[in-house]
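Visitor: According to the UniProt record's numbering, the sequence shown holds residues 1 to 313 in order. Don't be surprised by glycine CBs; every beta carbon is placed ideally from N, CA and C.
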Amino acid sequence: MEYSADQEREMQEHHHRGHRRSAGTGAPDGSPSSATCNPIRTACGMVRSLMPSFFSRGPPLPLPLPPLPPARVHQVWPGRNVFFLDGRVICGPDPRGLILSSMALLLSEWIFLARVIDSSSPHRILIPASSSLILLAAATASLLLAATSDPGIIPRNQASPSSEEDGASAARFVAVNGVVRLKFCETCKIHRPPRSSHCAVCDNCVDKFDHHCPWISQCIGLRNYRFYMLLLCSALAFYTFMFAFTVRRIRTKMDNTSAGVFSLATTLPESFVLAAFSFMTICALGCLLAFHAFLVAKNTLNKRLLLIYMVQW
């Protein structure tokens, strides 16, 4: 059969279109092979999304961190105090005074037991040793209570208003049995109650601040003033007992040996040193206890009394 030129050209174009369709990338969308590939691709995507991050091409996802516990007060304390036992014990910034006071008490007791007490008979050891140990325990306990107790620290104002708002840095006046002036502390950002003051050593405002005692390395205020007075009384009783018994021991030794003071000082140097140290401590503690008894009787504080005399001078 013979075809015209137009028919031959149309048949060739139809043949080329069929060849390109068979060499294509895939079947049409409606073909059975396309319907089979779509579920396979979906399943592969789901498996890939469920696989761990280290099988993926991207960087590993960071693990969620556990929530941090809230900070305790002593961990963010703005002052210079030192805390122990998870914030249950508070001390001053410089412990050297407390260490010296503790060593003085313990060393005095050791010299008394080792060098002063007459060990010739048991009944001469029991009474003075037990008495000195009881007084030492009282003095040490009151020393630790005064040095590790909160003196009455007033919390700071962390969210203080600016000084331009309502005159925040100006003094306030409160009518309580008369007009009372409340001073503003620039460091703590608070209006201090009456008889309160800011300690420059500990960097805290203390309620009824009396003074900062260097011998216990702590402020003396509202909450530990009674422990401080107990320390003065017990330490005075301890060193009075030390001095009286040591002098009696020296006097007995002088009567038995008919030796002079200077010759006996070379024989019993520890007794003379303990007697001299006890005498100086008695004088210092006696004056300090009398002064604080006067303050208690007048219902005033050391800081307030010093300010009065400074204004007068």
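My output table needs one value for Phe294: the three-state DSSP class, helix, strand or coil.
Guide: Note: Phe294 maps to helix in three-state DSSP.
Visitor: Hey, Asn204 and Gly79 are a contact pair by Cβ (cut 8 Å); roughly how many whole angstroms apart?
Guide: With a Cβ gap of about 4 Å, Asn204 and Gly79 count as contacting.
Visitor: Classify Pro32 as buried or exposed, calling it buried when 16 or more other Cβ atoms lie within 10 Å of its own Cβ.
Guide: Bear in mind that the predicted position of Pro32 carries a pLDDT of just 46, short of 50, making it too unreliable to give a figure here.
Visitor: What is the rounded straight-line gap between the Cα of Glu236 and the Cα of Phe279?
Guide: Per the sequence presented here, residue 236 reads as Leu, with Glu not at that position. Each residue's Cα considered, the two are about 10 Å apart.
Visitor: Would a C-beta distance cut-off of 8 Å place Lys208 and Arg195 closer than the cut-off?
Guide: Contact flag set, yes.
Visitor: Per DSSP, what kind of secondary structure is Ile90 in: helix, strand or coil?
Guide: Of the three classes helix, strand and coil, the one that applies to Ile90 here is strand, per DSSP.
Visitor: Could you tell me the distance, in whole angstroms, from the CA atom of Asn302 to the CA atom of Cys283?
Guide: Rounded to the nearest angstrom, the two C-alpha atoms are 19 Å apart.
Visitor: Exposed or buried, what is His123 when buried is set at 16 or more other beta-carbons lying within 10 Å of its beta-carbon?
Guide: Looking at its Cβ environment, which holds fewer than 16 other Cβ atoms inside 10 Å, His123 is exposed.
Visitor: Is Ile216 closer than 8 Å to Ala146 when the C-beta atoms are compared?
Guide: In contact: Ala146 and Ile216 (Cβ atoms closer than 8 Å).
Visitor: If you count every other CB in all the chains shown that lies within 10 Å of the CB of Met103, and 16 or more means buried, which is it?
Guide: Flag for Met103 reads exposed.
Visitor: Tell me whether Ser163 is buried or exposed, calling it buried when 16 or more other Cβ atoms sit within 10 Å of its Cβ.
Guide: Any reading at Ser163 needs caution, since the residue's pLDDT is 47, under 50, leaving its predicted position unreliable; the model's value is listed next. Label assigned to Ser163: exposed.
Visitor: For Gly24, which three-state DSSP category applies?
Guide: Because the pLDDT of Gly24 is 45, which lies under 50, any placement of that residue in the model is unreliable, and the question is left without a value.
Visitor: With burial defined as no fewer than 16 other Cβ atoms inside 10 Å of the residue's Cβ, what is the status of Phe262: buried or exposed?
Guide: Phe262 should be labelled exposed.
Visitor: Identify the residues that DSSP records as bridge partners of His191: which are they?
Guide: Paired residue(s): Phe184.
Visitor: What is the DSSP secondary structure of Ile111, reduced to helix, strand or coil?
Guide: DSSP places Ile111 in helix when its eight states are reduced to three.
Visitor: Taking all protein chains shown into account, do 16 or more other C-beta atoms lie within 10 angstroms of the C-beta of Thr187, making it buried, or fewer, making it exposed?
Guide: When all chains shown are included, Thr187 counts as exposed.
Visitor: Comparing alpha-carbon positions, which option in Val273, Phe243, Pro269, Leu264 lies nearest Lys253?
Guide: Looking at the Cα atoms, Leu264 is the closest of the given residues.
Visitor: Count the other CB atoms within 10 Å of the CB of Leu100; is the residue buried (16 or more) or exposed (fewer)?
Guide: Exposed is the call here.
Visitor: Since Gly87 and Gly152 should fall inside the 8 Å C-beta cutoff, what is the C-beta to C-beta distance between them, to a whole number of angstroms?
Guide: Rounded, the Cβ-Cβ distance is 17 Å, inconsistent with contact.
Visitor: CA-CA distance, Phe112 and Ser271?
Guide: Spanning the two alpha carbons is a distance of roughly 8 Å.
Visitor: For the putative contact between Gly97 and Pro214, defined by C-beta atoms under 8 Å, what is the C-beta separation to the nearest angstrom?
Guide: Contact flag correct, Cβ pair sits at about 5 Å.
Visitor: Helix, strand or coil, according to DSSP, for Val273 in the structure here?
Guide: The answer is helix: DSSP assigns Val273 an H, G or I state.
Visitor: With burial defined as no fewer than 16 other Cβ atoms inside 10 Å of the residue's Cβ, what is the status of Asn81: buried or exposed?
Guide: Buried, because 16 or more other Cβ atoms sit within 10 Å of the Cβ of Asn81.
Visitor: Roughly how many angstroms lie between the CA atoms of Thr240 and Ser197, to the nearest whole one?
Guide: Looking at the two C-alpha atoms, the distance is approximately 35 Å.
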